[in-house]
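Worksheet: one structure, shown below.
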Amino acid sequence: MVTEMAEIHVSPGQEESFIKAYREARELVAVSPGLRGMRMTQSVESPTRFMLVIEWDSVEAHEKGFRDTDRFPKWREALGPFFSRPPNVEHFDSVEEES
Numbered sequence: 001m002v003t004e005m006a007e008i009h010v011s012p013g014q015e016e017s018f019i020k021a022y023r024e025a026r027e028l029v030a031v032s033p034g035l036r037g038m039r040m041t042q043s044v045e046s047p048t049r050f051m052l053v054i055e056w057d058s059v060e061a062h063e064k065g066f067r068d069t070d071r072f073p074k075w076r077e078a079l080g081p082f083f084s085r086p087p088n089v090e091h092f093d094s095v096e097e098e099s
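Heads up, the sequence shown is in UniProt numbering, so the first residue is 1 and it goes up one at a time.
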């Protein structure tokens, strides 16, 4: 499993509109094969900063199951207008020991 973390900065004053757009577009990602879970969080200290956290079976599941589909351009079309800069997206592996 890998965790995708996308740091998203939205234009000031657009936070509520961005949240509404995310809630409407969320299903575009949620139906992706290989997706284990997702959530969007908003910074308390910097309310224009959001962190999208998605757990995938693998990086390939993210790329092939979502990024390479017709759902990805729809996702960017819905959320992109709110970005104040391009999101920073990275994939992370857990360093926890298996129990």
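Just so it is clear, CB atoms sit at the ideal spot from N, CA and C, and this is done for glycine as well.
Select from the options the residue whose C-alpha is nearest the C-alpha of residue i.
i: residue 16; options: 29, 30 and 41; result: 41
i: residue 23; options: 5, 13 and 52; result: 52
i: residue 64; options: 32, 81 and 88; result: 32
i: residue 13; options: 55, 87 and 83; result: 83
i: residue 54; options: 97, 71 and 91; result: 91
i: residue 7; options: 74, 34 and 47; result: 47
i: residue 56; options: 68, 38 and 25; result: 38
So what's residue i in DSSP terms, helix, strand or just coil?
i: residue 31; result: coil
i: residue 7; result: strand
i: residue 85; result: coil
i: residue 90; result: strand
i: residue 13; result: coil
Decide if residue i is buried, meaning its Cβ has at least 16 other Cβ atoms within 10 Å, or exposed.
i: residue 66; result: buried
i: residue 21; result: buried
i: residue 10; result: buried
i: residue 50; result: buried
i: residue 95; result: exposed
Among all the DSSP beta bridges, which residues are the ones paired with residue i?
i: residue 41; result: 51
(request) State whether the region 1–14 contacts the region 56–75, with contact taken as three or more CB pairs (one from each stretch) at a distance under 8 Å. (result) Yes, the region 1–14 is in contact with the region 56–75.
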